[in-house]
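J.: Chains as they are written, first to last, in my numbering: chain P, 223 to 837; chain F, 223 to 837. The C-beta atom is built at its ideal place from N, Cα and C for all residues, glycine as well.
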């Protein structure tokens, strides 16, 4: 006997879906197209998917929910969507949909002034008319009429099908579009449209597409969306687990990846008033897991030692292989990756920042949801990954959230008390990466947290200014610092920075710092040798160098050497899209990069222990 | 108001179809899957589609049918399927389905003993197991574990998707199948199957596929079928007209071409007990029109001066582009063509006969439905086409038919009378190519036809043996020679060789002979310089050298120099399939061949006038 169906309505959007009674709210949300984050992979651990039941009933909470939510919260209607099963028709509030705040596009600076020299070329060609003395086939005639140095080897069959008609309609002067050495379209001059390209950065959390006119090099805009895979976990490990253990999991993750890429491209196209069919080439970067999931390659063996990807080389595929909406005779090029946890995104960062052009050592740190560190010594290019990311984006942070309106983005010490700033000056909803770093730095500075990462115990607050001391609540592992009263209404405490958060941050910053120190050691360099430290990723846009230094994410240095470079991974994809020399550089970066498996080094454990301290 | 539906049943097959009253019988036959030849393109001119109505009624015959069929024939139920429209339920006899008689496969001799060296290779590869010290991606590891000299550049995405699982299931020893430098499949040794290849010759009339094991080079059998495009006309000109003037005509011709290729491949697979997915490469030859129609390229501009094809170079396409049923990650390679009327079939003939290896001049004549002539002078390779073909296959011949059971295949002068032999010793139904040539040769020899091609007039038969004289009937342009009483029952006269046939043959042999003479002249050669004359095509299997010489198709020479080489075009496709050096030779043939547009030569008209005479 099948269960009766019940209606689930989500506010504020009003999305409605019928599901069998007993269905998980998270699945209902997926079915209704309401993305809910489930960073822990839907295991009832992280509490990020909590929702408020406004009408109707779910089955009683089990031990998971009771562990994460207080009795008061449960009583007032808060539930975990990944655990709560619907019993009757329900109305569920998922809170205001977070609007993405796009970082100031520092990445565009990295692309400015680069001459377009793309793989896609549009040429006006005039052919000698055929005659009984010159019976060359149309395609050969076209090929042999191209300007010197331009090679045409083959043709997409549909372009070949159009060729005789267009040639004669255009009186043997036509516009030919080539992708590498392949003819992909031909038309009379009247009907020719500029081919477009899209550079796509598939982040674990956020996906961005940049749209470019491949004739003029003009930037036509960008499109952004959350990565819908986030419902299966915030980090690449949970997604790999989902792909490996859930029936159809890999196919679903792939379809979500290609779906969101289509979505961001569509948004960019809409903004520019262009059509998908004009896109002749798409260049994709992402970490190795995103790269694999996008291509439908199982990331399983990346997740376990010895961490082997399926492919690391650049790969160009037909749009139909991944279902991308574009000129079907164009292609999708995935830039190469370096290792299981050092992906095409890092290749993009290294390419876009021109690190290898420097004759002095340069360090690049890309902290998105994962952390990847690259060091150019002036001779060697060494790279490493560190399990650093999700903490900085709020996944394991109790009040963590993405850099959306209401996120505390800044914490300062003013008049012997804390003062917070939120994105959009809205009531505080949580902490985003930069706010978290500030909270950590300020807590260390004000003596709220000691060198070992312990928050001051209740019986040791006497030396603190009263305003600060009053912010400390709880004890032991539940000790916390109240940063702001909460922007949410009922059932939730204010936004706090907790002891647990400090431990998460300590692990994460320890990992990044250890990677930096060990790469320097690998190349026989000291921190003083560095000429620049480039912070890539959304995170790098918000992070204040002083905070990074204070909490020890980076070794002590002149803060002026540290600078954010925006979405340099995306910039790398753009450069590879619009310039073949840059594309070749990206390939060269991947060939040249030495991946250092940090955990393999005998000095890793000792280093990691040291870098976890807040010295 | 739509017409009521009526039932059309075809005997002897019993195929049944419902069509609206008023539908053409030809269309009903197509819908029922009963192939009827309509060499004239369904214009009611050739009479080849005549059928016998056994029950029920069609609308009254119009002037076309009355012109082609006699009043007696119409009265006894004979109709033209391309003109007759059904009025009630009808039962229509289409006569015995002609069984194709496959020529003794001379072409296999051309392929025997060639070492397999195909583009598709299957290799057993053992890879070093990955470790933390060796984190190469699976694909890179495979690539770098191949034997020296084997290059692997890219992979089909699905092969990449299978790679990690197969590698680990096979303990890092796997069977990898490469097509050129692309990985198309990978499997454990247990599951590996030999990749197969198919060589396909798309003739205007007949389509053949040869199936080959690409590992062993073993021939696994062949499949044959009539080209269903024949319903739109016997020759390439009618089909081009159909493609150009009928809405959806090109798409239909393409779908018929790809459909019949699938059919012949399926027949070959069935005979060998193999699966379509095993076929990794298909190599296709055909004349330029067949090549274009197979690829969906409009042959329109081949049909009108200056006769320009869309493409002449070799082209490899994905199976999905033409809907071929095979390994979807393999490809279909169309061999290059030489000119609008000298196609990939001629490239195949020249390659398979190793003409260019000879240090003395060699002539090849490929008369299928079209005539193509190639001359190797020892230094130059010159080619020409001649509008010669359909006559020899019976299209414009009044009693012409294909080389099927019941076709008169031999005519001799015995005891001062004619004696005929039919294929399968069945009652005579018509004349096939070899019988036609014999009839022509014998008629010349016996003095039934004069040097100008006139049949002896009624008032000049006195000098003939009585038995021969009695065979002459009619007068002027309806003059004819009765060869045999007809194998058909009611309503039809015996099988005759007619004055009109002589005129058709005269034009056709004049064209071939003119081509031969002019190519010799182009190279400054005389007929005595020729070391061999190779007759390719189905026709060449039946033609007796003496008849060819007697009627003047070839210049006077030692008949021992003339020999049939079977379907050398198909053999060329097979060689290009199983041997990359032969494939390269085929490309070289196309690059090297000089196409001579005969009609452009100032001496063409004079030569043609002379070669039409039966001297």
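I need the boundaries of the beta strand (DSSP E) containing residue 556(F), first residue and last residue.
T.: Within the second chain, residue 556(F) is the residue found at index 334, counting from 1. In the DSSP annotation of this structure, the continuous segment of the beta strand (DSSP E) that includes residue 556(F) starts and ends at 553-556.
J.: Excluding the 5 residues preceding and the 5 following residue 419(P) in the sequence, name in chain order all residues of the same chain whose CB lies nearer than 6 Å to its CB.
T.: As a position in the first chain, residue 419(P) is number 197, starting the count at 1. If we look at residue 419(P) and ignore the five residues flanking it on each side, its Cβ neighbours are 434, 436, 503, 799.
J.: Using a cut-off of 9 Å between C-beta atoms, extract the partners of residue 352(F) located in chain P.
T.: For the purposes of this step, residue 352(F) is identified with residue 130 of the second chain, where counting begins at 1. Per Cβ cutoff of 9 Å: 523, 528, 529, 530.
J.: Please classify residue 395(P) as buried or exposed, where buried requires at least 16 other C-beta atoms within 10 Å of its C-beta.
T.: As a first step, residue 395(P) is located in the first chain; it is residue number 173 there, counting from the start. The residue in question, residue 395(P), is exposed, as its Cβ has fewer than 16 Cβ neighbours within 10 Å.
J.: Is any beta-carbon of chain B found at less than 9 Å from that of residue 681(P)?
T.: Annotation note: the requested chain B is absent from the structure, which comprises protein chains P and F.
J.: Three-state secondary structure (DSSP) at residue 420(F)?
T.: Taking the second chain and counting its residues from 1, the one referred to as residue 420(F) is at position 198. The answer is strand: DSSP assigns residue 420(F) an E or B state.
J.: Looking at the strands, I want to know which residues DSSP matches up with residue 277(F).
T.: Sequence index remark: in the second chain, residue 277(F) carries index 55 (1-based). Bridge partners of residue 277(F) according to DSSP: 313(F).
J.: Just to confirm, is the Cβ distance from residue 413(P) to residue 397(P) under 9 Å?
T.: Taking the first chain and counting its residues from 1, one reaches residue 413(P) at position 191. Taking the first chain and counting its residues from 1, one reaches residue 397(P) at position 175. Yes, Cβ-Cβ distance for residue 413(P) and residue 397(P) is below 9 Å.
J.: In chain F, which residues lie less than 8 Å from residue 386(P) when you measure between Cβ atoms?
T.: If you number the first chain from 1, residue 386(P) lands on position 164. The contacting residues are 519, 520, 522, 523, 530, 532.
J.: State the Cα-Cα distance for the pair residue 631(P) and residue 719(P), rounded to the nearest angstrom.
T.: Counted from its first residue, the first chain places residue 631(P) at position 409. Counted from its first residue, the first chain places residue 719(P) at position 497. So the alpha carbons of these two residues sit roughly 13 Å apart.
J.: With DSSP as the reference, please indicate the residues paired to residue 589(P) in a beta bridge.
T.: Stepping through the first chain from its first residue, residue 589(P) is reached at position 367. Answer is 593(P).
J.: Please report whether the beta-carbon of residue 810(F) lies at a distance below 9 Å from any beta-carbon of chain P.
T.: By one-based count along the second chain, residue 810(F) stands at place 588. Closer than 9 Å: no.
J.: Between residue 797(P) and the rest of its own chain, which residues show a CB-CB distance below 7 Å, the 5 nearest in sequence each way excluded?
T.: As a working mapping, residue 797(P) is identified with position 575 in the first chain. The answer, listed in chain order, is 333, 336, 573, 574, 804.
J.: Which residue's Cα is closest to the Cα of residue 460(P): 432(P), 492(P), 426(P), 473(P)?
T.: Here residue 460(P) refers to the residue found at position 238 when the first chain is read from its first residue. It is 426(P) whose Cα lies nearest to the Cα of residue 460(P).
J.: Enumerate in chain order the residues of its own chain whose CB-to-CB distance from residue 409(F) is below 6 Å, with the five nearest sequence positions on each side excluded.
T.: In the second chain, counting from the first residue as 1, residue 409(F) sits at position 187. The answer, listed in chain order, is 388, 397.
J.: Between residue 193(P) and residue 303(F), what straight-line distance do the alpha-carbon atoms span, to the nearest angstrom?
T.: In the structure as shown, chain P starts at 223 and stops at 837, and residue 193(P) therefore has no counterpart that could be examined.
J.: Given that a residue counts as buried once 16 or more other Cβ atoms are within 10 Å of its Cβ, and exposed if not, what is residue 276(P)?
T.: As a first step, residue 276(P) is located in the first chain; it is residue number 54 there, counting from the start. Exposed.
J.: Taking residue 737(F) as the query, report the chain P residues whose CB atoms sit under 8 Å from its CB, ordered along the chain.
T.: For the purposes of this step, residue 737(F) is taken as residue 515 along the second chain, with counting starting at 1. Result: empty, since nearest Cβ-Cβ is about 16 Å, beyond 8 Å.
J.: Within the 9 Å Cβ cut-off, does residue 376(P) reach chain F?
T.: Looking up residue 376(P) in the first chain gives position 154. Interface residue, yes.
J.: Between which two residues does the alpha helix (DSSP H) harbouring residue 747(F) extend?
T.: Position 525 of the second chain holds residue 747(F). Counting along the chain, residue 747(F) falls outside any alpha helix (DSSP H), and DSSP gives it neither H nor E.
J.: At a CB-CB cut-off below 7 Å, which residues of chain P make contact with residue 382(F)?
T.: Translated into positions along the second chain, residue 382(F) becomes position 160. Correct list: 519, 532, 533.
J.: According to DSSP, is residue 781(F) part of a helix, a strand, or is it coil?
T.: For the purposes of this step, residue 781(F) is taken as the residue at position 559 of the second chain. Of the three classes helix, strand and coil, the one that applies to residue 781(F) here is helix, per DSSP.
J.: Rounded to the nearest angstrom, what separates residue 623(F) and residue 316(F) at their Cα positions?
T.: Sequence index remark: in the second chain, residue 623(F) carries index 401 (1-based). Sequence index remark: in the second chain, residue 316(F) carries index 94 (1-based). Rounded to whole angstroms, the gap between the alpha carbons of residue 623(F) and residue 316(F) is 14 Å.
J.: Tell me, please, whether the CB atom of residue 562(P) is closer than 9 Å to any CB atom in chain F?
T.: Residue numbering aside, residue 562(P) sits at position 340 when the first chain is read from its first letter. In terms of beta-carbon proximity, residue 562(P) lines the interface with chain F, with at least one pair separated by less than 9 Å.
J.: Is the region 771-785 of chain F touching the region 561-570 of chain F, taking contact as three or more C-beta pairs under 8 Å?
T.: no
J.: Since residue 543(F) is in the alpha helix (DSSP H), which residue starts that stretch and which ends it?
T.: In the second chain, the residue the question calls residue 543(F) occupies position 321. Per DSSP, the continuous alpha helix (DSSP H) segment holding residue 543(F) begins and ends at 541-544.
J.: Output needed for residue 487(F): all residues of its chain with C-beta closer than 6 Å, excluding positions within five of it in sequence on either side, in chain order.
T.: For the purposes of this step, residue 487(F) is taken as the residue at position 265 of the second chain. Excluding sequence neighbours, residue 487(F) sits near 420, 431.
J.: Just mark residue 889(F) as buried or exposed, buried being the case when its beta carbon has 16 or more other beta carbons within 10 Å.
T.: With chain F covering 223 to 837 only, the question about residue 889(F) has no answer from this structure.
J.: Could you spell out the range, first to last residue, of the beta strand (DSSP E) harbouring residue 501(F)?
T.: Position 279 of the second chain holds residue 501(F). Where residue 501(F) is concerned, the enclosing beta strand (DSSP E) stretches over 501-508.
J.: What are the residues in the region 353-374 of chain F lying within 9 Å of chain P by C-beta distance?
T.: Of all residues in the region 353-374 of chain F, 353, 354, 355, 356, 357, 358, 359, 360, 361, 362, 363, 365 have a Cβ within less than 9 Å of some Cβ in chain P.
J.: For residue 453(P), count neighbouring C-beta atoms within 10 Å of its own C-beta (all shown protein chains included) and say buried if the count is 16 or more, exposed if not.
T.: Here residue 453(P) refers to the residue found at position 231 of the first chain. When all chains shown are included, residue 453(P) counts as buried.
J.: With distances taken between CB atoms, is the gap from residue 485(F) to residue 518(F) smaller than 9 Å?
T.: Taking the first residue of the second chain as position 1, residue 485(F) is located at position 263. Taking the first residue of the second chain as position 1, residue 518(F) is located at position 296. No, the pair does not count as a contact, with Cβ atoms beyond the cut-off.
J.: Starting from residue 530(P) and walking both ways along the alpha helix (DSSP H), at which residues does that stretch end?
T.: As a first step, residue 530(P) must be located in the first chain, where it is residue number 308. Per DSSP, residue 530(P) belongs to no alpha helix (DSSP H) and is neither H nor E.
J.: Is the CB-CB distance between residue 458(F) and residue 447(F) below 9 Å?
T.: In the second chain, residue 458(F) corresponds to position 236, counting from 1. In the second chain, residue 447(F) corresponds to position 225, counting from 1. No.
J.: Output yes or no for whether 9 Å exceeds the beta carbon distance between residue 738(P) and residue 603(P).
T.: One-based indexing of the first chain puts residue 738(P) at position 516. One-based indexing of the first chain puts residue 603(P) at position 381. Inclusion of residue 738(P) and residue 603(P) in the CB contact set at 9 Å is not warranted, their separation being larger than that value.
J.: Can you tell me where the beta strand (DSSP E) holding residue 394(F) begins and where it ends?
T.: In the second chain, residue 394(F) corresponds to position 172, counting from 1. Neither: residue 394(F) is in no beta strand (DSSP E) and is coded neither H nor E.
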